[in-house]
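In this note's numbering, the protein residues as written are 324 to 738.
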């Protein structure tokens, strides 16, 4: 009996890999934003009573860091959506959050002792931390150039009151330079995390596009073959039929010869179409395995094959099992986020057993459109027509196993 997992675990397993990556990145950035008041409380606890830190300074630092952290978290939320192309860039959020962070920094510096005093380390530390966290959050929401402009503008808002209160310009310039260096590192880290989520989404979209292109390419090949076979013959039939009509109207006996020729061409066309369809429907096991492995590896799926006794299989049996490989590879690409896939064939006792197992199966399968999902059903009918069976089973958490069993000695295959 399967144990009921906690709801958060079920929700996590129901997410695709890009969704998991984005969720991880989001909460990592949220956690960084929430670190700001924790660090500020540590600075308050370490400085209170040791450097002339007043209660007003501590209150402003704690309350300001809480407000700035909440706004930074909201900025990260809307900024990630903008970075992933789901909404416009949140310039208003950046401006509001930057204004609050600058106000907290300026208030802390003005309430504290002069910046050149030995006891000014507390307000300076709080101010630098506040502006650094805001710049890191801004890097997620805006482009690199816009982030640099916003950072310089925010730091100038902090520097201007200091200069007006008589702070040495050299000291202010050094403070701004150090803050820019520290915030640049924080901004690169935050932007790199968001970039990781974006790349994963782009890879997922490329993978789906690759599967669709493979199907489209096969349709084009089939339509091209049909056009090459039928195009000329149908044109000839049309011309000869028209000629036969004209001859029949004139009472010429050659009309019979023309219609006989039309009949011959139509029969040849029918035979050629059957050959095209037969060639399209006939598959070879080794070819299908190589093609499936190539497509899956191109989709960044580690594909492995284990064959035992495949060389001794008759051509008809290989054709049926080749269809199993083709359908299984299609299902792996369309219905899973697989990282590993294995094809294993065993032949013993007059029976061929083909197993296909992959991971990356969501705990809650996505809803299917009406009329979809007939591939496995049709594959089961194909196997049943030759005395075989098709079964599916869970191969473990997040895994799926497809098993095809086919008799090769007692069943007569169609030509």
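Just so you know, even glycine gets a beta-carbon here, dropped at the ideal spot from N, CA and C.
Self-check item: Reduced DSSP category for residue 727 - H, G, I as helix; E, B as strand; rest coil
Solution: Looking up residue 727 in the chain shown gives position 404. If DSSP states are grouped into helix, strand and coil, residue 727 belongs with the strands.
Worksheet item: By Cβ distance below 6 Å, which residues in the same chain neighbour residue 726 in space, the five residues on each side in sequence not counted?
Response: Position 403 of the chain shown, counted from the start, is the residue given in the question as residue 726. Closer than 6 Å at the Cβ level, and outside the excluded window around residue 726, lie 678 and 714.
Can you check which of these residues, 515, 730 and 683, is closest to residue 639 by C-alpha distance? Residue mapping note: residue 639 aligns to position 316 of the chain shown, counting from 1. Comparing Cα-Cα distances from residue 639 to each of 515, 730 and 683, the minimum goes to 730.
Express the C-alpha separation of residue 656 and residue 534 in angstroms, rounding to a whole number. Walking along the chain shown from the start, residue 534 turns up at place 211. Walking along the chain shown from the start, residue 656 turns up at place 333. Their backbone Cα atoms lie some 7 Å apart in a straight line.
Q. Cβ atoms of residue 384 and residue 431: under 8 Å apart, would you say?
A. In the chain shown, residue 431 corresponds to position 108, counting from 1. In the chain shown, residue 384 corresponds to position 61, counting from 1. Taking 8 Å as the cut-off, the Cβ atoms of residue 431 and residue 384 count as close.
In the DSSP assignment, find the alpha helix (DSSP H) that holds residue 448 and state where it starts and stops. As a position in the chain shown, residue 448 is number 125, starting the count at 1. Where residue 448 is concerned, the enclosing alpha helix (DSSP H) stretches over 444–464.
- Task: Report buried or exposed for residue 591, applying the criterion of at least 16 other Cβ atoms within 10 angstroms of its Cβ.
- Result: One-based indexing of the chain shown puts residue 591 at position 268. Classification of residue 591: exposed, given that the 10 Å Cβ count is below 16.
Check your understanding: Count the other CB atoms within 10 Å of the CB of residue 525; is the residue buried (16 or more) or exposed (fewer)?
Key -> Numbered from its first residue, the chain shown carries residue 525 at position 202. Under this definition residue 525 is an exposed residue.
Taking the beta carbon of residue 660 as the centre, do at least 16 other beta carbons fall within 10 Å, making it buried, or is it exposed? Stepping through the chain shown from its first residue, residue 660 is reached at position 337. With a threshold of 16 other beta carbon atoms within 10 Å, residue 660 meets it and is buried.
Task: Assigned secondary structure, residue 660 (DSSP; H/G/I helix, E/B strand, else coil) - done: The residue you call residue 660 lines up with position 337 of the chain shown. Of the three classes helix, strand and coil, the one that applies to residue 660 here is coil, per DSSP.
- For residue 667, write down the residues that DSSP places opposite it in a beta bridge. Here residue 667 refers to the residue found at position 344 when the chain shown is read from its first residue. Paired residue(s): 629 and 678.
Pairs of beta-carbons, one from the segment 350–369 and one from the segment 443–461, closer than 8 Å: are there three or more? Inter-segment contact for the segment 350–369 and the segment 443–461 is present: three or more beta-carbon pairs are separated by less than 8 Å.
- prompt: Taking C-beta to C-beta, are residue 414 and residue 463 nearer than 8 Å?
  reply: Taking the first residue of the chain shown as position 1, residue 414 is located at position 91. Taking the first residue of the chain shown as position 1, residue 463 is located at position 140. Contact: no.
key: Element boundaries [alpha helix (DSSP H), containing residue 420]   = Position 97 of the chain shown, counted from the first residue, corresponds to residue 420. That run of the alpha helix (DSSP H) goes 414–434.
Roughly how many angstroms separate the alpha carbons of residue 637 and residue 331, rounded to a whole number?
Position 314 of the chain shown, counted from the start, is the residue given in the question as residue 637. Position 8 of the chain shown, counted from the start, is the residue given in the question as residue 331. Near 50 Å, if we compare the C-alpha coordinates of residue 331 and residue 637.
field: Rounded straight-line distance, which links the Cα of residue 683 to that of residue 398
entry: Taking the first residue of the chain shown as position 1, residue 398 is located at position 75. Taking the first residue of the chain shown as position 1, residue 683 is located at position 360. For residue 398 and residue 683, the distance between alpha carbons rounds to 32 Å.
inquiry  = By alpha-carbon positions, which one of 499, 672, 617 and 472 ends up nearest to residue 632?
reply    = As a first step, residue 632 is located in the chain shown; it is residue number 309 there, counting from the start. The shortest Cα separation from residue 632 among 499, 672, 617 and 472 belongs to 672.
Q: On the DSSP bridge assignment, give the partners of residue 715 in chain order.
A: For the purposes of this step, residue 715 is taken as residue 392 along the chain shown, with counting starting at 1. 725, per the DSSP bridge assignment.
Is the segment 544–551 close to the segment 489–499, with three or more CB pairs under 8 Å? no
| Between residue 622 and residue 648, which are expected to be in contact by the criterion C-beta below 8 Å, what is the C-beta distance as a whole number of angstroms? | Looking up residue 622 in the chain shown gives position 299. Looking up residue 648 in the chain shown gives position 325. In fact, because the Cβ distance is near 16 Å, the residues do not count as touching under 8 Å.
Cβ of residue 723 within 8 Å of Cβ of residue 663? The sequence position of residue 723 within the chain shown is 400, counting from 1. The sequence position of residue 663 within the chain shown is 340, counting from 1. Not a contact, by the Cβ cut-off of 8 Å.
inquiry  = Using a Cβ-Cβ cutoff of less than 7 Å, which residues in the same chain neighbour residue 510 once the five nearest sequence positions on both sides are dropped?
reply    = As a working mapping, residue 510 is identified with position 187 in the chain shown. Around residue 510: 458, 459, 462 and 470.
Practice task
From the DSSP output, in three-state form, read off residue 409 for me.
Solution key: In the chain shown, the residue the question calls residue 409 occupies position 86. Note: residue 409 maps to coil in three-state DSSP.
Rounded to the nearest angstrom, what separates residue 506 and residue 402 at their Cα positions? Position 183 of the chain shown, counted from the first residue, corresponds to residue 506. Position 79 of the chain shown, counted from the first residue, corresponds to residue 402. Roughly 17 Å between the two C-alpha positions.
Q) So is residue 696 buried or exposed if we call it buried at 16+ other beta carbons inside 10 Å? A) Here residue 696 refers to the residue found at position 373 of the chain shown. In this prediction, residue 696 scores a pLDDT of 48, lower than 50, which makes its location untrustworthy; the coordinate-derived value is nonetheless stated afterwards. Label assigned to residue 696: exposed.
(message) Using 8 Å for Cβ pairs, my map puts residue 646 next to residue 705. What's the rounded Cβ distance?
(response) Residue numbering aside, residue 646 sits at position 323 when the chain shown is read from its first letter. Residue numbering aside, residue 705 sits at position 382 when the chain shown is read from its first letter. Their Cβ separation, rounded to whole angstroms, is 6 Å, which keeps residue 646 and residue 705 in contact under 8 Å.
Boundaries of the alpha helix (DSSP H) in which residue 477 is found, first to last residue = As a first step, residue 477 is located in the chain shown; it is residue number 154 there, counting from the start. That run of the alpha helix (DSSP H) goes 467–487.
Item to complete: Determine the DSSP secondary structure at residue 338, reduced to helix, strand or coil.
Response: Your numbering for residue 338 matches position 15 in the chain shown. If DSSP states are grouped into helix, strand and coil, residue 338 belongs with coil.
Closest by C-alpha distance to residue 516, when choosing among 720, 700, 344 and 721: By 1-based counting over the chain shown, the position of residue 516 is 193. For residue 516, the nearest C-alpha among the options comes from 344.
Check: Thinking C-beta only, is residue 485 closer than 8 Å to residue 495?
Finding: Within the chain shown, numbered from 1, the residue matching residue 495 stands at position 172. Within the chain shown, numbered from 1, the residue matching residue 485 stands at position 162. For residue 495 and residue 485, yes; Cβs fall inside 8 Å.
Considering only the beta carbon of each residue, do residue 711 and residue 670 sit closer than 8 Å? As a position in the chain shown, residue 711 is number 388, starting the count at 1. As a position in the chain shown, residue 670 is number 347, starting the count at 1. The answer is no: Cβ separation not under 8 Å.
**Request:** Could you tell me if residue 574 is buried or exposed, where buried requires 16 or more neighbouring beta carbons within 10 angstroms of its beta carbon?
**Result:** Against the chain shown, residue 574 aligns to sequence position 251. Exposed, by the Cβ-count rule.
Span separating the alpha-carbon of residue 489 from that of residue 514
Taking the chain shown and counting its residues from 1, the one referred to as residue 489 is at position 166. Taking the chain shown and counting its residues from 1, the one referred to as residue 514 is at position 191. In a straight line, the C-alpha of residue 489 is about 36 Å away from that of residue 514.
Discussion item. Just to confirm my understanding: we take residue 478, look at its own chain, exclude 5 residues before and 5 after, and list those with CB closer than 8 Å. What are they?
Written reply: Taking the first residue of the chain shown as 1, we reach residue 478 at position 155. The residues are 454, 499, 502 and 503.
### Query
In angstroms, rounded to a whole number, what distance separates the CA positions of residue 350 and residue 708?
The residue labelled residue 350 in the question sits at position 27 within the chain shown. The residue labelled residue 708 in the question sits at position 385 within the chain shown. CA-to-CA, the gap between residue 350 and residue 708 works out to about 53 Å.
Exercise for review: Enumerate in chain order the residues of its own chain whose CB-to-CB distance from residue 702 is below 7 Å, with the five nearest sequence positions on each side excluded.
Suggested key: In the chain shown, residue 702 corresponds to position 379, counting from 1. Correct list, in chain order: 646, 647, 650 and 713.
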